[in-house]
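For the sequence shown, the numbering used here gives the first residue as 22, with consecutive numbering after it. Before any comments, here is the structure.
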Amino acid sequence: MNKWQLHEAKNKLSNIIDIAMHGTPQCITKRGEEAVVIISIKGYKQLTKQKPDFKEYLLSIPKIDNLDIQRAKGYARDFEL
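Quick look at the structure:
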């Protein structure tokens, strides 16, 4: 991640945005302290994407109602008790 001082970022904002759009976050500092990060919209959406809770996850699993399972017609193994 590149770091830019605020006054430098003002002059090169278009360039900074282009770099961020290609996947490299850009940090802007103010008075020597990290102030903000510029990221692409794709990166932002990945960070803010809500993940389903456990209940939603379980409900999203494909149903097996129509699953056709055939039992093998062979003989069972011999076993001793």
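Even glycine gets a Cβ: it sits at the ideal position worked out from N, Cα and C.
Excluding the five sequence neighbours on either side, which residues of its own chain have a C-beta within less than 7 angstroms of the C-beta of Ala41, listed in chain order? Gln47, Ile59, Ile60 and Ser61
Terminal residues of the beta strand (DSSP E) in which Ile40 lies: Note, Ile40: premise wrong, no beta strand (DSSP E); alpha helix (DSSP H) at Leu34 to Met42.
Measuring CA to CA, which of Val57, Ala93, Gln91 and Gly44 is closest to Leu27? Val57
CA nearest to the CA of Met22, picked from Gly44, Asn36 and Phe100: Gly44
I'd like the span of the beta strand (DSSP E) that includes Gln17, first residue to last. This structure leaves residue 17 out entirely; the chain is present only between 22 and 102.
DSSP state of Lys24 mapped onto helix, strand, coil: strand
Pull up the distance between the alpha-carbon of Asp74 and that of Ile82, whole angstroms please. 13 angstroms
Simplified DSSP assignment, three categories, for Ala56: strand
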